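This report concerns only the one structure given below.
Residue numbers (this note's numbering): 233 to 505.
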């Protein structure tokens with residue numbers, strides 16, 4: 233048994249001492265979705281700090297707990313707050329929650345985040361369905377000993393974001409009259425925002441939005457044969473696209489303004505899964 237898997241299994245076994253709930257969908261809440269629990273019937277909560285060896289979120293607006301319950305009729309586990317590479321965690325620690333959720337039973341991982349808009353056709357407050365990603369600017373969580381209990385050493389990433397789930401997102405956005413953009417997401421390490429020259433480079437590479445999470449989580453999910461979908465809330469225009477100086481408080485405010493629509497869109501999508 234690999235060392236990484238031993239750590240994941242220990243976290244899983246602790247969770248099973250608290251609840252036997254069997255989730256089918258895992259949802260990671262980004263900025264603007266901190267109050268998402270009101271959209272679900274919560275059966276059980278587990279603070280990250282109670283789980284031995286589990287990474288704990290240190291960022292404002294990221295509460296740090298698992299919520300187990302139902303979104304409509306769909307059994308789900310919701311991460312209220314995620315951990316990030318820039319907090320000092322290793323890439324393997326950052327994706328530990330995804331691997332724990334895999335053992336708990338999830339088949340689909342729904343990723344959400346707040347991002348900076350690179351595509352100049354985007355506006356602050358837009359939602360973007362993630363169709364593909366660029367993750368080369370952060371270390372892969374798959375580096376090191378392969379967690380063979382979960383996946384292959386060399387995992388195919390031809391289609392990270394599931395095509396069928398993308399169709400569900402498109403259909404739901406139309407039905408709910410919530411417009412959604414589509415594009416490529418690029419992850420950087422953070423915690424600093426990017427320079428205008430870096431944003432120009434990302435645009436040349438084909439990125440439409442940039443953030444400090446998500447891509448590594450998606451890699452770990454695909455490694456473990458979990459289907460993946462994702463939506464990003466464009467909470468600011470990236471450096472150089474806008475002349476405004478970037479502040480985390482402004483990102484939170486912009487995300488909070490779209491929280492109601494974001495919650496409704498995510499909830500209706502999950503009910504169709």
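Backbone N, C-alpha and C define an ideal beta-carbon position, used for all residues, glycine too.
It should be emphasised that the depicted structure is a prediction, and the values quoted were computed from it without experimental measurement.
Practice problem: Output the residue ranges of the beta strand (DSSP E) runs that lie fully inside the segment 421–468 and measure 3 residues or longer, sorted by chain position. | Solution: 441–443
Quiz item: To the nearest angstrom, how far is it from the Cα of residue 450 to the Cα of residue 355?
Solution: 25 Å
Quiz item: So residue 339 packs on residue 459, CB below 8 Å; how close in whole Å?
Solution: 6 Å
Quiz prompt | Cβ contact check for the segment 409–416 and the segment 439–449: 3 or more pairs under 8 Å | solution = yes
Quiz prompt | Neighbour-count burial assignment, residue 455, 16 or more Cβ in a 10 Å radius | solution = buried
Self-check item: For residue 457 and residue 391, the rounded distance between their alpha carbons
Solution: 12 Å
Exercise. Check whether the Cβ atoms of residue 346 and residue 299 lie closer than 7 Å to each other.
Key: no
Quiz prompt | residue 321 versus residue 350 - alpha carbon distance | solution = 27 Å
Quiz prompt | When 240, 295 and 276 are compared against residue 266, the one with the closest alpha-carbon | solution = 295
Quiz item: For residue 277, which beta-bridge partners are listed by DSSP?
Solution: 299
Quiz prompt | beta strand (DSSP E) segment containing residue 473, residue limits | solution = Per DSSP, residue 473 belongs to no beta strand (DSSP E) and is neither H nor E.
Practice problem: Excluding the 5 residues preceding and the 5 following residue 309 in the sequence, name in chain order all residues of the same chain whose CB lies nearer than 8 Å to its CB. | Solution: 253, 255, 257, 258, 259, 298, 299, 300, 333, 336 and 338
Quiz item: Taking the alpha carbon of residue 275 as the point to measure from, which residue in 288, 303 and 243 has its own alpha carbon closest?
Solution: 303
Practice problem: Kindly list the residues whose CB is nearer than 8 Å to the CB of residue 365, restricted to its own chain and excluding five residues on each side of it in sequence; keep chain order. | Solution: 392, 393, 416, 417, 418, 419, 446, 447 and 450
Practice problem: Can you say whether residue 248 is buried or exposed, counting buried as having 16 or more other CB atoms within 10 angstroms of its CB? | Solution: exposed
Self-check item: Secondary structure, beta strand (DSSP E): runs of 3+ residues fully inside the segment 280–359
Solution: 297–303, 306–312 and 340–349
Practice problem: Give the straight-line distance between the Cα atoms of residue 343 and residue 381, rounded to the nearest whole angstrom. | Solution: 23 Å
Self-check item: Proximal residues to residue 234 (C-beta, below 8 Å), its chain only, five neighbours per side dropped
Solution: 377, 378, 379, 380 and 381
Self-check item: 7 Å Cβ cutoff met for residue 452 and residue 330
Solution: yes
Quiz item: With a Cβ-Cβ cutoff of 7 Å, do residue 465 and residue 397 count as a contact?
Solution: no
Exercise. Taking residue 414 as part of the beta strand (DSSP E), name the residues at either end of that continuous run.
Key: 413–419
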